[in-house]
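Beneath this line is the structure, given in structure tokens, with notes to follow.
Protein chains: 2
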Amino acid sequence: MTKKVFFLALILCQCLWGQAQNQKDSLTIRRFFDETLTVSESHNNLRELCKNIGARLSGSPEAEKAVKWAYAKLKSYGLDTVYLQEVKVPRWERGQVETFSVNGKSLRACSLGGSVGTDGVLEGEIIEVRDFEELEKLGKSKIKGKIVFINAPLDPKLIDTFHAYSACGSYRYRGASNASEYGAKAVVIRSLASEHDDFPHTGSMGYAKGAVKIPAMAISTNDADYLEKQLRTGTPQKAKMAMDCQTLPDVTSYNVIAELKGKRNPERILLVGGHLDSWDKGEGAHDDGAGVVHSMEAIRLFKRFGIRPNNTLRCILFMNEENGNRGGETYAKQSTQKGEKHLAALESDRGGLVPRGFSVDAPQSRFAFLQQQKIEDLLKPYNLHVMRKGYGGVDINPLKKYGEQTLIGFLPDPQRYFQYHHSDNDVFENVDRRELELGSASIASLLYLIDKYEFGVVN
Amino acid sequence: MTKKVFFLALILCQCLWGQAQNQKDSLTIRRFFDETLTVSESHNNLRELCKNIGARLSGSPEAEKAVKWAYAKLKSYGLDTVYLQEVKVPRWERGQVETFSVNGKSLRACSLGGSVGTDGVLEGEIIEVRDFEELEKLGKSKIKGKIVFINAPLDPKLIDTFHAYSACGSYRYRGASNASEYGAKAVVIRSLASEHDDFPHTGSMGYAKGAVKIPAMAISTNDADYLEKQLRTGTPQKAKMAMDCQTLPDVTSYNVIAELKGKRNPERILLVGGHLDSWDKGEGAHDDGAGVVHSMEAIRLFKRFGIRPNNTLRCILFMNEENGNRGGETYAKQSTQKGEKHLAALESDRGGLVPRGFSVDAPQSRFAFLQQQKIEDLLKPYNLHVMRKGYGGVDINPLKKYGEQTLIGFLPDPQRYFQYHHSDNDVFENVDRRELELGSASIASLLYLIDKYEFGVVN
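Going line by line, the protein sequences match chains A and B.
Quick note: the first sequence, position 30, residue 30 per full-length UniProt numbering, numbers continuous.
Quick note: the second sequence, position 349, residue 349 per full-length UniProt numbering, numbers continuous.
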């Protein structure tokens, strides 16, 4: 054989090998989707989590039930190991009383998570602001002794509803502290929701260091519209507010962790996760029951098809994303102390809606790997068309400060998410089976490709 | 000025002109989306159509109400002209009786559109087939005198649910004729639905020439599962079936048409449409209330922003897509007789779900226009990522036989459509406002680009 023929033969071999790999990849991905769409394990798991346990705020008995449920379910999959990681979590309780009325008319309201109670009935005149600038402009003379109504609607023009939500997030989180600076006695915010409806949406708030702790509530968007209209008439609007929520001592809880050990680099971790805790409204179906069952299903799919990963595939169901992120912080710290390295960490915490793609927080070379044509071609048949730079997720984010570089967020379609988020509307019935199952297979597919090629050359 | 400098200046001018056009395009598209997402005209229109009128099968009083409603609404937009085009439509009525029971247990069933009634109670033993092959194999000896249960589930593995639906369509349409060839006395099909639930889904069926006309029903997928299980026990399953549906004489109805006259080529038509009729179950919200309000909103957006199209923009709300396509046929024929030419025809008849893109039935050169990078870049911010070859739509399809070449179908995400389609589940509440409004703006945007560039060079 001449040299020329030899090299031609070598190139041909490489070509065929490449094609075979590519075919193997597309077949594996196809198998993931076939399995989720026919077996519906994610949907069945979500039903159990939502209907047998329901809302599961950190530190609540339901959160502990969820830990036990997830542990047992992951155990039943025959993975290499399933264990709990202790996490001290804050415990805030909504209590029994939660009312808000304006000039005698009762509005649909809920306490914001972390708020102090009213200690009886709190009364005051309402003053409306659209943003913090207006609050500042009105100043102490106008705000003092009043209940500040922060009426900042999510911008409906933003195609990505997460951008609209982010833009208003500080009104919920810092509204009470900012208003108390000017002597407000309480705040009530317009719910951070995308639709005009009757659900008040909760979520976490905090008090700045040294700030006077005043109570904070959210009212439904319909009731915010109503209140806005009443205020525009010029008639003073007197509110009565009562809530007996409180913060109790920290509680011991757990991250639930399951693993398939890597065959080539067992010490290197490929993480997939969502958070097990939820707010105490609805059933935490989209937020983040979906991410929990996505992650469980992703690791189950590897096991189901006998795919031994090169790196250790670790599924983590984090505790306490909603009001403290203690699970994420604890994990990142302890993992680093053990000297672990992560190939990548992928989080699902944007609901169980139809998949669009992934958001990547990584160095350019790794982003380039994910953006290449071969990866695009493999994901396109499943309508996964987004591979963009962006945020990974709250639970995995603490890994960054310990030097981990590759965080990925699963991106379902964002249109419907903020009508459910943190409200009584976030229930199992509002998660579509096919949309949810497609998410699990999408996540498993990307994990498979990352594990196989490790951000190197795709054959 | 030297020649060289002159040409350089010319090139620069063209460049700047191109950039300005591109900026103008992106601003116009942005305006369309801003308007639909804030004003919610499509959603409000859909509410009126669904809640004030509801289901509107061709020839029914509700269909006539829908014609009047659409005419008045389009009139209120101040377009150049709004008129009705007469269409003779078939009239089938479900009647009052519609029952199906098996060994005494009542199942959720509905008559298929076009079926004859049972003329009293029809009784018979059920025999199950999975497909037409099995029917043929069983033959006359096994089929004669029986009620054939065609139990063909939609394939859950297909990512595009329309493929799964199409694969089973013939069981609904031709099931009765095929079974009667072997002496069956009636057929009952498993609903063409993507989920396991309790809704029977109707839809059109027909009788082959010379076929014995036997009654045809659909049962819900849950009841099909139940019946399948009962049959597998080996116990004979005796059914009782009663339905008094009937076909009445044809009725005069209308396509509703509105136009904005073209300023450069008024004689050339750019068509956008959906169908006004629906099945007589639910409210015809996704099928095709969504297409109706999409089309109305698309033409309203041009008017709203003072965009005088180059070609005549014609919005057509077709009558009788569901059981005859007389509206589409009548329009295509009469338009051709008048010597009209169409630049393109775009139909929305796949529901009010979140937009993915468009399906194009056109010559390669026109497809290439739609596929080019500049178009892709303009649509990408709105998550419109699909521009593929494929079917346009039932109403516009007759145009093809008269030589029209460019038919386009709007493609919303297909995952949830077939849980609503042709059933009591197809109601206003199951259409998401943002998903619907994004569809209207997506359609208007593509029409704008097609009208402006007429499949030529995009600046």
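Backbone N, C-alpha and C define an ideal beta-carbon position, used for all residues, glycine too.
When we look at the beta-carbon of residue i and count the other beta-carbons within 10 Å, is it buried (16 or more) or exposed?
i: D432 (chain A); result: buried
i: Y83 (chain A); result: exposed
i: E267 (chain A); result: exposed
i: E86 (chain B); result: exposed
i: E125 (chain B); result: exposed
i: E145 (chain A); result: Before going on, a small fix: residue 145 (chain A) reads as Gly here, not Glu. It is exposed - the Cβ of G145 (chain A) has fewer than 16 other Cβ atoms within 10 Å.
i: Q19 (chain B); result: exposed
i: E429 (chain B); result: exposed
i: V293 (chain B); result: buried
i: H422 (chain B); result: buried
i: R172 (chain A); result: buried
i: Q364 (chain B); result: exposed
i: A368 (chain A); result: exposed
i: T312 (chain A); result: buried
i: S180 (chain A); result: buried
i: R56 (chain B); result: buried
i: S177 (chain A); result: buried
i: L27 (chain B); result: exposed
i: A285 (chain B); result: buried
i: D119 (chain A); result: exposed
i: Q23 (chain B); result: exposed
i: L384 (chain B); result: buried
i: G104 (chain B); result: exposed
i: Y91 (chain A); result: Per the sequence presented here, residue 91 (chain A) reads as Arg, with Tyr not at that position. Burial call: buried.
i: R190 (chain B); result: buried
Residues bridged to residue i by DSSP?
i: F100 (chain A); result: A:M241
i: I147 (chain B); result: B:I126, B:A186
i: H275 (chain B); result: B:F318
i: S359 (chain B); result: B:R388, B:G409
i: S204 (chain B); result: B:G113
i: H342 (chain A); result: A:I269
i: R91 (chain B); result: B:L248
i: K105 (chain B); result: B:V102
i: A216 (chain B); result: B:V187
i: S141 (chain A); result: Note: S141 (chain A) sits in no beta bridge, so no partner.
i: N255 (chain A); result: A:Q85
i: T312 (chain B); result: B:I269
i: E347 (chain B); result: B:G273, B:G409
i: L260 (chain A); result: A:L313
Could you list which residues in chain A have their beta carbon closer than 9 angstroms to that of residue i, in chain order?
i: R416 (chain B); result: V354, D432, R434, E435
i: D25 (chain B); result: Near D25 (chain B) there are no residues of chain A at all, since even the closest Cβ is about 17 angstroms away, more than 9 angstroms.
i: D413 (chain B); result: V354, N383, D413, E435
Just to make sure I have the definition right: I need the residues of chain B whose C-beta is within less than 8 angstroms of the C-beta of residue i. Which are they?
i: P156 (chain A); result: L37, T38, R434
Interface residues of the stretch 328 to 354 of chain A facing chain B [CB-CB below 8 angstroms]: V354
Does the contact criterion of 3 or more C-beta pairs under 8 angstroms hold for the stretch 294 to 304 of chain B versus the stretch 69 to 79 of chain B? yes
Proximal residues, the stretch 167 to 196 of chain B versus chain A, C-beta separation under 8 angstroms: S194, E195
Counting pairs of Cβ atoms below 8 angstroms between the stretch 354 to 363 of chain B and the stretch 404 to 424 of chain B, do you hit three or more? yes
Mind listing which residues of the stretch 31 to 60 of chain B have their C-beta closer than 8 angstroms to chain A's C-betas, in chain order? F33, D34, L37, T38
Report yes or no: do the stretch 252 to 262 of chain A and the stretch 60 to 73 of chain A share at least 3 C-beta pairs separated by less than 8 angstroms? yes
Which residues, taken in chain order from the stretch 136 to 166 of chain B, show a beta carbon closer than 7 angstroms to some beta carbon of chain A? P156, K157, I159
Three Cβ pairs or more, each shorter than 8 angstroms: is that satisfied between the stretch 276 to 287 of chain B and the stretch 308 to 324 of chain B? yes
Tell me whether the stretch 391 to 398 of chain A and the stretch 130 to 139 of chain A touch, counting them as touching only if at least three CB pairs, one residue from each stretch, are closer than 8 angstroms. no
Stretch pair the stretch 200 to 211 of chain A + the stretch 161 to 168 of chain A: three plus CB contacts closer than 8 angstroms: no
For the stretch 94 to 103 of chain B against the stretch 343 to 355 of chain B, are there 3 or more C-beta pairs whose distance is under 8 angstroms? no
Is it the case that the stretch 99 to 113 of chain A contacts the stretch 228 to 248 of chain A, given that we only count it when at least three CB pairs across the two stretches are under 8 angstroms? yes
For the stretch 146 to 159 of chain B against the stretch 221 to 230 of chain B, are there 3 or more C-beta pairs whose distance is under 8 angstroms? yes
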